[in-house]
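Residues in the sequence shown are numbered from 3 upward in steps of one, following this note's numbering. Input: a single structure, listed below in structure tokens.
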Amino acid sequence: LRHEGAVFLHVSAPAFHDRAGTALLLEAFQHVRSAVRFIMHGVRDTPGPLRDVIGNVTIDYTGPVADNRDVYPDEADVLVVPRRYGGLALYAAEGASLGLPLVTLDLAPLNERPGVLTVPCSHGYETGMVGGQEIVWACDPRLLAQGIDMLAENPDLVSQLSTGADEWAAAN
């Protein structure tokens, strides 16, 4: 870890059907047992920084990020994006290149690489989108909270996943 206590990062942009899992994550915060900090980019349309607390989670909302170089702050230890549909995501590769482990739903292709802690999910519903039908996957927010707690309480696991992210990024 870069400091005492893990700092989690969530990156999102407006999307249909909670694509990045932001609503799911906010619901999971109510079940997190560990005192943790989340930095959340692009989640709320705020003119400046805003701090909030949900249960044991302190959230720093940054609002939209104008420069992509500012998306991944040096203090972040773990990237959490429980993506509910849509395959490969650029944020996952960018985060891995910085050694950030990823917490996401147990869906291909993100679940197939090292440096990822997956959360079980189930078939939610199908919806029509440009390009055809898409499955929007469901997840019990308590399971996502357990994954966050597992990393908050186990810095060795964060280090192990970080090494896996580094190795995957170097090979790809």
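All residues carry an ideal CB built from backbone N, CA and C; glycine is no exception.
Assigned exposure category for residue i - 16 Cβ within 10 Å defines buried
| i | result |
| --- | --- |
| L92 | exposed |
| G133 | exposed |
| A172 | exposed |
| A110 | exposed |
| G130 | exposed |
| H43 | buried |
Cα-Cα separation, residue i to residue j
| i | j | result |
| --- | --- | --- |
| I56 | S36 | 12 Å |
| C141 | R115 | 20 Å |
| P137 | C123 | Contrary to the premise, residue 137 reads as Ile rather than Pro in this sequence. Distance between the alpha carbons of I137 and C123 is about 12 Å. |
| D20 | E169 | 30 Å |
| A98 | R85 | 16 Å |
| E128 | A94 | 24 Å |
| R53 | T60 | 7 Å |
| L163 | Q135 | 33 Å |
| P157 | L119 | 13 Å |
| L100 | H125 | 32 Å |
| E96 | W139 | 23 Å |
Contacts around residue i, its chain only, beta-carbon distance under 6 Å, and the 5 residues preceding and following it disregarded
| i | result |
| --- | --- |
| I150 | V34 |
| L147 | Correcting the residue identity first, residue 147 is Ala in this sequence and not Leu. If we look at A147 and ignore the five residues flanking it on each side, its Cβ neighbours are A30, H33, V34. |
| V82 | F10, H12, V105 |
DSSP-derived helix/strand/coil call for residue i
| i | result |
| --- | --- |
| A171 | helix |
| S14 | coil |
| E77 | coil |
| Y93 | helix |
| D62 | strand |
| A110 | coil |
| L52 | strand |
Cutoff 7 Å; reference residue i; Cβ partners in own chain excluding five residues on either side
| i | result |
| --- | --- |
| E155 | S36 |
| G166 | P116, G117 |
| I41 | V9, L11, D62, T64, P75, A78 |
8 Å Cβ shell around residue i - same chain, five flanking residues per side excluded
| i | result |
| --- | --- |
| R144 | A30, H33 |
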